[in-house]
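Residues 0 to 331, numbered by numbering that gives the first Met the number 0, are exactly what the sequence shown covers, in order.
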Amino acid sequence: MVPKTSLRLTRNITPAIPRCTQHRAFAATSHDAPPPPERRAVVGSFLFRRHDDDVPRVALFKRSAKVNTYQYAAISGGVEPEDATPLKAALREIHEETGLTSDSLRYLCLGQPYSFVDQKVNYEWSVHPFAFHWPSTAEGALTLGWEHEGYAWFRPREIRESDVAGGVLESLRRVWPEGALGDVDGLCQYCLGEAVVRNGSGKDVRGDASEAFDIFASTVKEITPATNDAEQWRRQVRLAAWHVWNYSHPSVKEPLLAHLLSTLEQLEELLLPQSHQPHKLAPPFEKLVTTALDSARTRHGDNDQAADISENSPRHLAQKADRFFSALWDLR
Numbered sequence: 000m001v002p003k004t005s006l007r008l009t010r011n012i013t014p015a016i017p018r019c020t021q022h023r024a025f026a027a028t029s030h031d032a033p034p035p036p037e038r039r040a041v042v043g044s045f046l047f048r049r050h051d052d053d054v055p056r057v058a059l060f061k062r063s064a065k066v067n068t069y070q071y072a073a074i075s076g077g078v079e080p081e082d083a084t085p086l087k088a089a090l091r092e093i094h095e096e097t098g099l100t101s102d103s104l105r106y107l108c109l110g111q112p113y114s115f116v117d118q119k120v121n122y123e124w125s126v127h128p129f130a131f132h133w134p135s136t137a138e139g140a141l142t143l144g145w146e147h148e149g150y151a152w153f154r155p156r157e158i159r160e161s162d163v164a165g166g167v168l169e170s171l172r173r174v175w176p177e178g179a180l181g182d183v184d185g186l187c188q189y190c191l192g193e194a195v196v197r198n199g200s201g202k203d204v205r206g207d208a209s210e211a212f213d214i215f216a217s218t219v220k221e222i223t224p225a226t227n228d229a230e231q232w233r234r235q236v237r238l239a240a241w242h243v244w245n246y247s248h249p250s251v252k253e254p255l256l257a258h259l260l261s262t263l264e265q266l267e268e269l270l271l272p273q274s275h276q277p278h279k280l281a282p283p284f285e286k287l288v289t290t291a292l293d294s295a296r297t298r299h300g301d302n303d304q305a306a307d308i309s310e311n312s313p314r315h316l317a318q319k320a321d322r323f324f325s326a327l328w329d330l331r
């Protein structure tokens with residue numbers, strides 16, 4: 000299913016690759032200066048499934064001798080001129096390399112895109128990572144092409160750099176909660192589209208801003224007791240907020256983002272009294288976090304969030320989001 004257009008952050012929160020200015024382009028005509036890099040867009044798709052042991056895993060495909068790597072990777076390829084969007088390119092590549100169609104998969108999200116320059120070939124690559132759910136009932140439709148000789152299922156946090164092709168882990172962390180967050184079952188259910196609202200309607204939680212926020216709150220409550228490092232806690236909380244927002248349905252992205260950002264501001268104010276011990280959290284911290292989250296949920300339930308939205312234009316929300324999320328995506 001192709002997602003509808005939704006709120007877009009006005010600023011790309013990926014570290015920007017310097018663009019070639021007119022001065023640089025002119026300088027490149029000299030004999031001792033290289034030409035500007037050629038820009039290429041690529042997609043990488045990760046297929047997820049919860050297995051019989053109740054653990055979510057990602058399918059990685061082993062490249063064949065014909066591409067001379069024998070490494071595991073996402074399903075990837077270039078965005079062609081005929082591709083209307085990167086998502087269309089991702090679905091085309093999946094079909095070409097596996098035989099799977101859009102009917103065999105369920106779209107989950109587009110992760111935060113990123114760019115880097117490969118000076119060996121003088122290309123600037125723009126990478127668009129995608130996540131899809133691949134149900135077991137559709138596994139029989141798989142037909143591998145010449146580029147792959149097999150596939151295997153991995154727990155995301157157990158994948159090592161040596162197991163996979165270059166760039167796989169960088170792209171994976173942009174579509175799936177990394178580290179301890181990937182062990183929070185409520186968050187994983189949310190990302191896989193398994194969680195439903197509590198009123199018995201069977202509606203997907205990702206389409207309900209209030210219940211999506213509750214997933215964020217419960218995730219923070221779960222990870223806080225296991226974290227005594229302030230910076231690690233800050234990063235995990237911001238990542239949780241990012242993934243809850245990024246996996247949400249387009250119809251709720253704007254109000255959900257406003258609620259998440261205002262709550263992040265309140266939560267991070269709790270770190271200020273910790274400044275005398277900047278790397279450790281004091282024992283009462285867990286209780287303070289729980290109180291702050293419960294208060295934020297109550298305010299949302301009282302419809303105070305409508306006032307917040309009227310004060311937060313998309314541009315202002317994008318600026319606040321950049322402040323909280325940009326450092327998450329520093330290239331590693």
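In this text, a Cβ means the ideal position worked out from N, Cα and C, and glycines have one as well. All values derive from a computational prediction rather than experimental measurement.
- Closest in C-alpha terms to Ala291, from the list His258, Gln318 and Arg314, comes His258.
- For Asp293, the closest alpha carbon among the candidates Lys220, Phe323 and Glu193 is that of Lys220.
- Tyr71 counts as buried, since at least 16 other C-beta atoms from the protein chains shown sit within 10 angstroms of its C-beta.
- Two segments are said to touch when three or more pairs of C-beta atoms, one from each, lie closer than 8 Å; by this definition the segment 107-126 does not touch the segment 136-155.
- Short of 6 Å from the beta carbon of Thr223, and not among the five residues preceding or following it, lie these beta carbons of its own chain, in chain order: Glu285 and Val288.
- Short of 6 Å from the beta carbon of Glu37, and not among the five residues preceding or following it, lie these beta carbons of its own chain, in chain order: Tyr122.
- Within the same chain, and ignoring the five residues on either side of Ala295 in sequence, the residues whose Cβ sits closer than 6 Å to its Cβ are Thr262.
- With 16 or more other Cβ atoms inside 10 Å of its own Cβ, Tyr189 counts as buried.
- Here DSSP, grouped into helix, strand and coil, assigns Trp152 to strand.
- A straight line joining the alpha-carbon of Thr97 with that of Leu269 spans about 49 Å.
- The beta-bridge partner set that DSSP reports for His147 consists of Arg62.
- Residues Tyr71, Ala72, Ile74, His147 and Tyr150 of the same chain have their beta carbon placed closer than 7 Å to that of Phe60, with the five preceding and five following residues left out of the count.
- Arg39 places its beta carbon less than 8 Å from that of Gly77.
- Taking C-beta atoms as the reference points, Val174 and Ala130 count as a pair closer than 8 Å.
- DSSP, read as helix, strand or coil, puts Leu266 in helix.
- Around the beta-carbon of Glu210, 16 or more other beta-carbon atoms lie within 10 Å, marking it buried.
- In this structure, the alpha-carbon of Leu104 lies about 36 Å from that of Thr226.
- Scanning its chain for C-beta atoms nearer than 7 Å, with the 5 sequence neighbours on each side dropped, one finds around Ser63 the residues Trp145, Glu146, His147 and Glu148, in chain order.
- Taking a contact as a CB-CB distance under 8 Å, the pair His127 and Leu186 does not count as one, their CB atoms being some 23 Å apart.
- For Arg172, the three-state secondary structure derived from DSSP is coil.
- Each residue's CA atom was taken as its position, placing Ser135 and Ser200 some 25 Å apart.
- In the DSSP assignment, Arg91 falls within the unbroken alpha helix (DSSP H) covering Pro85 to Thr97.
- Using a Cβ distance threshold of 8 Å, Leu280 and Ala317 do not count as a contacting pair.
- When secondary structure is reduced to three states using DSSP, Tyr69 falls in the coil class, being assigned neither helix nor strand.
- Considering only Pro283, Ala240 and Asn245, the residue with the shortest C-alpha distance to Glu264 is Ala240.
- In the structure shown, His248 adopts coil according to DSSP, grouped into three states.
- Contact fails between the segment 79-99 and the segment 161-181, because fewer than three Cβ pairs, one in each stretch, are under 8 Å apart.
- Nearest C-alpha to Phe45 among Tyr106, Ala326 and Lys202: Tyr106.
- In terms of Cβ geometry, Leu191 and His132 form a close pair [threshold 8 Å].
- Between Glu193 and Leu238, the gap from beta carbon to beta carbon reaches 8 Å or more.
- Looking at the DSSP output, Phe115 sits in a beta bridge with Trp124.
- Proximity to Ala179 across Asp82, Trp232, Val42 and Arg314 peaks at Trp232, based on C-alpha coordinates.
- One Cα belongs to Pro35, the other to Phe153, and the distance between them is close to 38 Å.
- DSSP, reduced to helix, strand and coil, places Arg159 outside both helices and strands of the structure shown, so it counts as coil.
- Of all alpha-carbon atoms in Ile214, Glu253 and Leu327, the one lying nearest the alpha-carbon of Ser312 is that of Glu253.
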